[in-house]
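Down below is the structure, laid out as structure tokens.
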Amino acid sequence: MTTDGSALPAPAAEDWGFPRSSAGTALLVEYAGARGVGAARALVGTGLTSGSLTALVRSGGEVTAAQELRVVRTLHRLLGEVGPEVGQRYDASTFGAFGYAMLSSRTVLDAISVALRLIDLSFAFAIPRASLVGDEVHVSVDGGGLPPDVRRLLVERDATAIVSVLEALVPGGVGARLTWMPDAATVVFGVDQLERPLPQRSAERLALAERMCTEVVDARRVRRGLAQDVRVLITQRLTDGAPMREVAAALAMGERTLRRRLLEEGVGYQELLDEVRSSLAMALLDGRVTMPVAEVARRLGYAESASFIRAFHRWTGRTPTEVSRA
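So the number in this note's numbering is just where the residue sits in the sequence shown, counting from 1, plus 20.
Following this line, the structure appears as structure tokens:
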């Protein structure tokens, strides 16, 4: 085993601003409920309700980092420094296909490599970075770039979650221990643990999980910055047509400001709306089980099927019926 750190990849994300699965926000709301804080109170300021969050989780939908951060701030204000308690609630299964890919990996090293390559499928705010130091693996969890008011909570949550996931990978765990520092933590375990085989390893299941993960991250990485968040917020409001004023309000800005900011990134609001609608339309029409065109139109926020059919032809050069029959 080399000790220069080359065996461990750099994390795919440099900061925490990426969209994330709504399941992570649901876990926070569930924890809040267990501590006597109702869902409506936990979700204040997010633009989400208990019902809309449940619908997002069922559909595999996303939230913005700012929406999850708002829930974190509410928990901190009402419950204090609860990072370790929340972090203990995470395991690989919490992360869907991302966690499935880790569990299906051949060794602990492979699982860590998958996690770092797909870190923007996690719920992390303190982005972990792994290195080999002598006969130890050091996973640093640095909160230096996090908002000061919730920095401690997020570092403690993320570091504790990393330990929870690592220890569950192999029987008896990897012997991970946490070292705490101001605004940071380090997860340390022996380098000899990296080659331990995982009990659920499977090349076939790993390939399937990685394909699923790649589809998600490729779609996320098409856009960055504000445009990325706008796509997420459009998706959350799609059945109502995703009016620009509502998305702008969710971002605490006016329509003119949102339009200008998007133009600075080289994209318009209608272009993003069409991107979201066209990709979802293809997913709904091109799957093993398709749905009626009228239902697809409704889900995409069209008042009538004819408008959806015209738009779909503009996007693809085909009709919805031609795609669903292919």
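Virtual Cβ for every residue (Gly too), placed ideally from N, Cα, C.
Going by C-alpha distance, which of SER41, GLY100, LEU228, HIS96 is nearest ALA85?
For the residues SER41, GLY100, LEU228, HIS96, the minimum Cα distance to ALA85 belongs to SER41.
What number of angstroms, rounded off, separates the C-alpha of MET201 from the C-alpha of PRO191?
Spanning the two alpha carbons is a distance of roughly 29 angstroms.
Which one or two residues does DSSP pair with TRP200 in a beta bridge?
ALA205, per the DSSP bridge assignment.
Closer than 6 angstroms by C-beta to TRP335: which residues in its own chain qualify, once you throw out the five before and the five after it? Chain order, please.
Hits under 6 angstroms: SER298.
Rounded to the nearest angstrom, how far is the Cβ of THR206 from that of SER160, given a contact under 8 angstroms?
Indeed they touch by this definition, with Cβ atoms about 5 angstroms apart.
Within its chain, find whatever has a CB closer than 6 angstroms to the CB of ARG126; leave out the 5 residues flanking it on each side and keep chain order.
The residues are ARG221.
Under the three-state reduction of DSSP, which class applies to THR366: helix, strand or coil?
What is shown of the chain runs 21 to 346, which leaves residue 366 out entirely.
Within the same chain, show all residues whose beta-carbon is closer than 6 angstroms to that of GLY65, passing over the 5 residues directly before and after it, in chain order.
So the list reads ARG90, once near-sequence residues are dropped.
Helix, strand or coil: how does DSSP classify SER70 here?
Note: SER70 maps to helix in three-state DSSP.
So what's VAL267 in DSSP terms, helix, strand or just coil?
Note: VAL267 maps to helix in three-state DSSP.
Thinking just about the alpha-carbon of each residue, which of PRO168, ARG172, ASP178 is nearest to the one in PRO148?
Checking every option, the nearest Cα to that of PRO148 belongs to ASP178.
What is the residue span of the alpha helix (DSSP H) that ARG281 lies within?
Unbroken alpha helix (DSSP H) run through ARG281: 275–284.
To the nearest angstrom, how far is the alpha carbon of GLU253 from that of GLY58?
Looking at the sequence shown, residue 253 is not Glu but Leu. C-alpha separation (whole angstroms): 23 angstroms.
Can you have a look at VAL267 and say buried or exposed, based on whether 16 or more other CB atoms are within 10 angstroms of its CB?
Under this definition VAL267 is a buried residue.
Just to check my reading of the structure: PRO248 and ARG257 have Cβ atoms closer than 8 angstroms, yes? What is that Cβ distance to the nearest angstrom?
Correcting the residue identity first, residue 248 is Gln in this sequence and not Pro. About 16 angstroms separates the two Cβ atoms, so there is no contact after all.
Which residue from PRO39, PRO219, PHE118, ARG172 puts its Cα closest to that of GLU105?
Ranking PRO39, PRO219, PHE118, ARG172 by Cα distance to GLU105 puts ARG172 first.
In angstroms with no decimal places, state the Cα-to-Cα distance between ASP35 and ALA326.
Using only the alpha carbons, I get a separation of about 42 angstroms.
Quick check: the Cα distance between LEU166 and PHE145, rounded to an integer number of angstroms?
Their Cα atoms are separated by approximately 7 angstroms.
Helix, strand or coil, according to DSSP, for SER79 in the structure here?
Helix at SER79.
Alpha helix (DSSP H) containing GLU50: first to last residue?
Start and end: 42–54.
Leaving out the 5 sequence neighbours to the left and right, which residues in its chain are closer than 8 angstroms to GLY195 when beta-carbon positions are compared?
Excluding positions up to five away in sequence, the list reads PHE209, GLY210, GLN213.
Cα-Cα, which of GLY37, TYR110, TYR289 is closest to SER184?
Measuring from the Cα of SER184, the nearest candidate turns out to be TYR110.
Identify every residue that forms a DSSP beta bridge with ASP396.
This structure cannot speak to residue 396, because the chain is shown only from 21 to 346.
Where does SER327 fall in DSSP's three states?
Helix at SER327.
Within the continuous beta strand (DSSP E) that includes PRO148, where are the two ends?
Per DSSP, PRO148 belongs to the beta strand (DSSP E) from 148–153.
Does DSSP classify PRO31 as helix, strand or coil?
In this structure, PRO31 counts as coil in the three-state DSSP scheme.
In this structure, does DSSP put GLU101 in helix, strand or coil?
Three-state result, GLU101: coil.
Contact defined as beta carbons within less than 8 angstroms: I believe LEU271 pairs with TYR289. What is the distance between those atoms, to the nearest angstrom?
No, LEU271 and TYR289 are not in contact; Cβ-Cβ is about 12 angstroms, not under 8 angstroms.
With burial defined as no fewer than 16 other Cβ atoms inside 10 Å of the residue's Cβ, what is the status of MET311: buried or exposed?
So MET311 ends up on the exposed side.
State the start and end residues of the unbroken alpha helix (DSSP H) segment that holds ARG61.
Looking at the DSSP string, the run of the alpha helix (DSSP H) that includes ARG61 is 59–62.
Below 8 angstroms on the Cβ atoms is my contact criterion, and I expect ILE132 with ALA33 to pass it. Report the Cβ-Cβ distance as a whole number of Å.
Contact doesn't hold; Cβ gap of about 15 angstroms is too wide.
Short check: CB of GLN87 to CB of THR180, under 8 angstroms?
Taking 8 angstroms as the Cβ cut-off, GLN87 and THR180 do not qualify as a contacting pair.
Under three-state DSSP, which class holds VAL134?
Note: VAL134 maps to helix in three-state DSSP.
Cα separation between PRO217 and MET122?
Going by the C-alpha atoms only, they are around 12 angstroms apart.
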